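Worksheet: the structure to be examined is printed underneath.
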Amino acid sequence: MTDGSAQAPAGWYNDPHSPDRMRYFDGEMWTNHFHEPGKLPDIGSWLSSTFSVFGNYWQGAAAVALIVQIAGSLVIWGGVLFAARDIAIVNEELVNFTAGTAVIIIVLIVAGIVMQGIGWLAMSRFLHRAHYQANPTVGDAFSHALRRLPRFLGVMVMLILAGFVAIMVIAVVTVAVAPVGVLLIVAAIPVVIWAATKLAFVFNAVAIAPTNVSAIRASAEVSGGRFWSVFGRIFLFTLALGLSVNVVTATLGGLASFVDPNAVALNFEIQNDDFLVQDFKVVDLLPSSGEFVVALVISSVIQAASGLISTSAFVRLYLDSGAPAELD
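In the numbering used here, the protein residues as written are 1 to 328.
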């Protein structure tokens with residue numbers, strides 16, 4: 001790869017001015033993004049690039065995140081209202097829960113997964129292009145997300161099935177031979193940590209990696225030869241972000257809740273160590289339309305900010321690792 005290779009596809013190439021590192025070529029010109037194979041930038045540089053990307057592209061990034069959060073909340077809210085319209089608790093028993101209700105709940109779960117997938121893919125795409133200053137747009141982010149959605153669903157189903165099988169095996173062994181089951185559970189802890197780190201970037205990879213590259217393999221490459229460095233960054237960043245979101249949510253109290261706290265207090269109580277449940281309709285637990293709008297706006301802003309920050313951090317780490325990526 002040389003400066004004259006203007007027709008070369010976008011990607012990482014040996015830097016013609018510094019052979020010991022790689023430099024990103026966007027398909028037209030060299031960018032100021034560098035990568036040293038096997039190394040990650042220091043945490044300060046990583047966090048700086050995570051947040052600095054919003055300087056020029058915050059409007060589009062916010063639009064992508066808010067569209068996903070608001071649309072998702074409205075669909076789920078409407079579905080829950082419809083499904084729970086006749087369901088009630090009478091004498092501490094669930095009544096009017098029918099097969100039709102179960103179908104609606106399943107549809108809502110699938111819809112939630114699909115919308116979450118579109119959101120992850122769209123934000124990953126937008127921030128991928130933003131980090132490379134490749135003129136990201138909201139339209140491109142969502143159209144790309146829809147094209148990659150089948151791939152996302154395939155990976156999601158595969159991971160869910162693998163996790164389900166693993167849990168069932170451990171459960172069966174634990175029931176049959178308790179001591180062996182306990183040993184399996186203890187042994188599974190480091191395996192889960194390893195797998196979680198290897199798969200932490202899988203949905204970013206679905207959006208970013210070329211379609212002829214396995215998203216799971218691309219995600220695993222991020223921590224290849226630097227497992228603890230990547231794990232440490234993920235753990236500390238996720239912990240800090242999670243605590244920050246919890247503090248904000250706790251400060252706002254019931255304003256960001258889609259469940260009416262007053263209704264919960266009226267219908268559930270503890271007396272003399274006994275848990276008492278009053279008769280009520282499930283819809284009574286949901287806030288009024290005005291309260292819902294307030295909760296929708298506040299929770300959408302919180303979740304959008306959290307989603308953008310975490311996605312930017314993971315995308316930046318993915319790109320800095322030299323894992324497979326394409327802008328087209």
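In this text, a Cβ means the ideal position worked out from N, Cα and C, and glycines have one as well.
Computed from a predicted model, the values in this text were never measured in an experiment.
TODO: Could you tell me if P136 is buried or exposed, where buried requires 16 or more neighbouring beta carbons within 10 angstroms of its beta carbon?
DONE: The sequence position of residue 136 within the sequence shown is 136, counting from 1. Burial state of P136 is buried, judged by a 10 Å Cβ sphere holding 16 or more other Cβ atoms.
Open item on the list: If you follow the alpha helix (DSSP H) that R129 is in, where does it begin and where does it stop?
Closed with: Position 129 of the sequence shown, counted from the first residue, corresponds to residue 129. Run containing R129: A99 to H131, per the alpha helix (DSSP H) assignment.
Open item on the list: Suppose contacts are defined by Cβ-Cβ distances below 8 angstroms. Is E221 in contact with A323 by that definition?
Closed with: For this step, residue 221 is matched to residue 221 along the sequence shown. For this step, residue 323 is matched to residue 323 along the sequence shown. A contact, by the Cβ cut-off of 8 angstroms.
Open item on the list: Contact defined as beta carbons within less than 8 angstroms: I believe V173 pairs with G181. What is the distance between those atoms, to the nearest angstrom?
Closed with: Residue 173 sits at position 173 when you count from the first residue of the sequence shown. Residue 181 sits at position 181 when you count from the first residue of the sequence shown. Indeed they touch by this definition, with Cβ atoms about 5 angstroms apart.
Task: Segments of 4+ residues assigned as alpha helix (DSSP H) that fall wholly inside the segment 261 to 310 - done: Annotation: the segment 261 to 310 contains the following complete segments of the alpha helix (DSSP H) (minimum length 4 residues), in chain order: 261 to 267.
Open item on the list: Does the structure place the segment 141 to 155 close enough to the segment 110 to 123 that three or more beta carbon pairs sit under 8 angstroms?
Closed with: Pairwise C-beta distances place the segment 110 to 123 in contact with the segment 141 to 155, as three or more of them are shorter than 8 angstroms.
- [ ] For S52, count neighbouring C-beta atoms within 10 Å of its own C-beta (all shown protein chains included) and say buried if the count is 16 or more, exposed if not.
- [x] As a first step, residue 52 is located in the sequence shown; it is residue number 52 there, counting from the start. S52 counts as exposed, since fewer than 16 other beta carbons sit within 10 angstroms of its beta carbon.
TODO: Output yes or no for whether 8 angstroms exceeds the beta carbon distance between L241 and I167.
DONE: Numbered from its first residue, the sequence shown carries residue 241 at position 241. Numbered from its first residue, the sequence shown carries residue 167 at position 167. For L241 and I167, no; Cβs fall outside 8 angstroms.
Task: Inter-residue spacing [alpha-carbon to alpha-carbon] between N212 and A313 - done: As a working note, residue 212 is residue 212 in the sequence shown. As a working note, residue 313 is residue 313 in the sequence shown. Roughly 25 angstroms separates the two Cα atoms.
Task: Validate contact between the segment 75 to 95 and the segment 276 to 296 using beta carbons, cut 8 angstroms, 3 pairs - done: Taking 8 angstroms as the limit for Cβ pairs, the verdict is that the segment 276 to 296 does touch the segment 75 to 95.
Open item on the list: With three or more C-beta pairs closer than 8 angstroms as the rule, is the segment 66 to 77 touching the segment 292 to 311?
Closed with: The segment 292 to 311, when compared against the segment 66 to 77, does touch it at the 8 angstroms Cβ threshold.
TODO: Go through its chain and collect everything with a Cβ distance to F227's Cβ below 7 angstroms, but skip five positions before and after it.
DONE: By one-based count along the sequence shown, residue 227 stands at place 227. Excluding residues within five positions, the ones whose Cβ falls inside 7 angstroms are T197.
- [ ] Going by CA-CA distance only, name the one from L127, G100 and S229 that's closest to V138.
- [x] Residue mapping note: residue 138 aligns to position 138 of the sequence shown, counting from 1. Restricting attention to L127, G100 and S229, the CA atom closest to the CA of V138 is found in L127.
TODO: For my contact list, I216 and V315 are in at a C-beta cut-off of 8 angstroms; report their separation, rounded to the angstrom.
DONE: The residue labelled residue 216 in the question sits at position 216 within the sequence shown. The residue labelled residue 315 in the question sits at position 315 within the sequence shown. The beta carbons of I216 and V315 sit about 17 angstroms from each other, so the pair does not count as a contact at 8 angstroms.
Open item on the list: Given this structure, state the Cα-to-Cα distance separating G44 from V110, to the nearest angstrom.
Closed with: On the sequence shown, position 44 is the one that residue 44 refers to. On the sequence shown, position 110 is the one that residue 110 refers to. C-alpha of G44 to C-alpha of V110: approximately 39 angstroms in a straight line.
Open item on the list: Measuring straight from C-alpha to C-alpha, what distance separates A99 and V107?
Closed with: Translated into the one-based positions of the sequence shown, residue 99 becomes position 99. Translated into the one-based positions of the sequence shown, residue 107 becomes position 107. Each residue's Cα considered, the two are about 12 angstroms apart.
Task: Beta carbon of A65 nearer than 8 angstroms to that of G307 - done: Counting from one through the sequence shown, the residue named residue 65 turns up at place 65. Counting from one through the sequence shown, the residue named residue 307 turns up at place 307. Their beta carbons are under 8 angstroms apart, which means A65 touches G307 by this criterion.
Task: Residues of its chain near V177, where Cβ-Cβ distance is below 7 angstroms and the 5 sequence neighbours each way are ignored - done: In the sequence shown, the residue the question calls residue 177 occupies position 177. Taking V177 as the centre and dropping the five residues before and after it, the same chain places no C-beta closer than 7 angstroms to its C-beta.
Open item on the list: Going by DSSP in three states, I89 sits in which element: helix, strand or coil?
Closed with: For the purposes of this step, residue 89 is identified with residue 89 of the sequence shown, where counting begins at 1. Residue state, collapsed to three classes: strand.
Open item on the list: Pop quiz: G112 and I76 are said to be a contact at Cβ under 8 angstroms. What is the actual Cβ separation, rounded to whole angstroms?
Closed with: If you number the sequence shown from 1, residue 112 lands on position 112. If you number the sequence shown from 1, residue 76 lands on position 76. Indeed they touch by this definition, with Cβ atoms about 6 angstroms apart.
Open item on the list: Can you tell me whether A61 is buried or exposed? The criterion is at least 16 other CB atoms within 10 Å of its CB, across all chains shown.
Closed with: Working through the sequence shown from its first residue, we reach residue 61 at position 61. With 16 or more other Cβ atoms within 10 Å, it is buried.
- [ ] Assign A162 to buried or exposed, taking buried as 16 or more other Cβ atoms, counted over all protein chains shown, within 10 Å of its Cβ.
- [x] Stepping through the sequence shown from its first residue, residue 162 is reached at position 162. Answer is exposed; the Cβ neighbour count stays below 16.
Task: Backbone secondary structure at P19 - three-state DSSP - done: Counted from its first residue, the sequence shown places residue 19 at position 19. The answer is strand: DSSP assigns P19 an E or B state.
Task: Sheet register partners of W12 (DSSP bridge) - done: Taking the first residue of the sequence shown as 1, we reach residue 12 at position 12. Answer is Y24.
TODO: Whole angstroms is fine: what's the gap from D320's alpha carbon to V245's?
DONE: Within the sequence shown, the letter at position 320 stands for residue 320. Within the sequence shown, the letter at position 245 stands for residue 245. D320 and V245 have their alpha carbons spaced roughly 26 angstroms apart.
Open item on the list: Nearest by alpha-carbon distance to G78: which of F54, L286, V202 and A63 is it?
Closed with: For the purposes of this step, residue 78 is identified with residue 78 of the sequence shown, where counting begins at 1. With distances taken between CA atoms, G78 lies nearest to L286 out of F54, L286, V202 and A63.
TODO: Report, in whole angstroms, the separation of the C-beta atoms of I302 and V259, which I expect to be a contact under 8 angstroms.
DONE: What you label residue 302 is simply residue 302 of the sequence shown in a count that begins at 1. What you label residue 259 is simply residue 259 of the sequence shown in a count that begins at 1. With 8 angstroms as the limit, I302 and V259 do not qualify as a contact, their Cβ atoms being about 16 angstroms apart.
Open item on the list: Rounded to the nearest angstrom, what separates N272 and E92 at their Cα positions?
Closed with: In the sequence shown, residue 272 corresponds to position 272, counting from 1. In the sequence shown, residue 92 corresponds to position 92, counting from 1. Between N272 and E92, the C-alpha separation is close to 18 angstroms.
Task: Nearest-angstrom beta carbon gap, F201 and Y24 [assumed within contact, 8 angstroms] - done: Indexing the sequence shown from 1 puts residue 24 at position 24. Indexing the sequence shown from 1 puts residue 201 at position 201. With 8 angstroms as the limit, Y24 and F201 do not qualify as a contact, their Cβ atoms being about 18 angstroms apart.
Open item on the list: Please state whether the Cβ-Cβ distance between S219 and L40 is less than 8 angstroms.
Closed with: The residue labelled residue 219 in the question sits at position 219 within the sequence shown. The residue labelled residue 40 in the question sits at position 40 within the sequence shown. No, these two residues do not count as a Cβ contact at 8 angstroms.
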